[in-house]
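Written out below as structure tokens is the structure these notes cover.
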Amino acid sequence: MQGLAAAPKDETNMSGGGEQADILPANYVVKDRWKVLKKIGGGGFGEIYEAMDLLTRENVALKVESAQQPKQVLKMEVAVLKKLQGTGPGQEDGRGS
0 MQGLAAAPKD ETNMSGGGEQ ADILPANYVV KDRWKVLKKI GGGGFGEIYE AMDLLTRENV
60 ALKVESAQQP KQVLKMEVAV LKKLQGTGPG QEDGRGS
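Just so we're aligned, residue 0 is where the sequence shown starts under numbering that gives the first Met the number 0, counting upward by one.
Here it is in structure tokens:
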């Protein structure tokens, strides 16, 4: 996986809290497509996992947050990324007319 280095497994969150269970276990398959290999990081807003795309067989980074997290930030991050890519609401797929 390019650009990502595996971090030591750390069960504590970055806000100084105690032990927390991982959101996803190893070998869990998300949406019948991504197989979780291992947790590589985490913090107050979610966790990052190394996963394998079962369609392309490529290793990818998968970011998740708990549904119980009071402040949901992934939806906002997706909206920002789509806007940067030119595929936000009211826009075409970025290829022009």
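C-beta atoms are modelled at their ideal positions from N, C-alpha and C, and glycine is treated no differently. Computed from a predicted structure; not experimentally measured.
Given residue i as reference, the closest of the options once Cα atoms are compared
{"i": "L54", "options": "M75, L73 and R32", "result": "R32"}
{"i": "Q36", "options": "I22, G43 and F44", "result": "For the record, residue 36 in the displayed sequence is Leu; it is not Gln. Comparing Cα positions, the closest option is I22."}
{"i": "K30", "options": "G42, Q67, D52 and A20", "result": "D52"}
{"i": "G41", "options": "E57, R56 and A20", "result": "A20"}
Exposed unless 16 or more other CB atoms sit within 10 angstroms - verdict on residue i
{"i": "A50", "result": "buried"}
{"i": "A78", "result": "exposed"}
{"i": "L61", "result": "buried"}
{"i": "G85", "result": "exposed"}
For residue j and residue i, believed in contact at Cβ under 8 Å, the rounded distance
{"i": "E46", "j": "V63", "result": "6 Å"}
Neighbourhood of residue i by C-beta, 8 Å cutoff - its chain only, sequence neighbours within 5 removed
{"i": "Y27", "result": "K34 and V35"}
Cβ shell of residue i (< 6 Å), same chain only, five flanking positions each side left out
{"i": "V72", "result": "F44"}
Neighbourhood of residue i by C-beta distance below 7 Å, restricted to the same chain and skipping five residues each side
{"i": "S178", "result": "Residue 178 lies beyond the range of the chain shown here (0 to 96); nothing can be said about it."}
For residue i, three-class secondary structure by DSSP
{"i": "V72", "result": "coil"}
{"i": "L80", "result": "helix"}
{"i": "G42", "result": "strand"}
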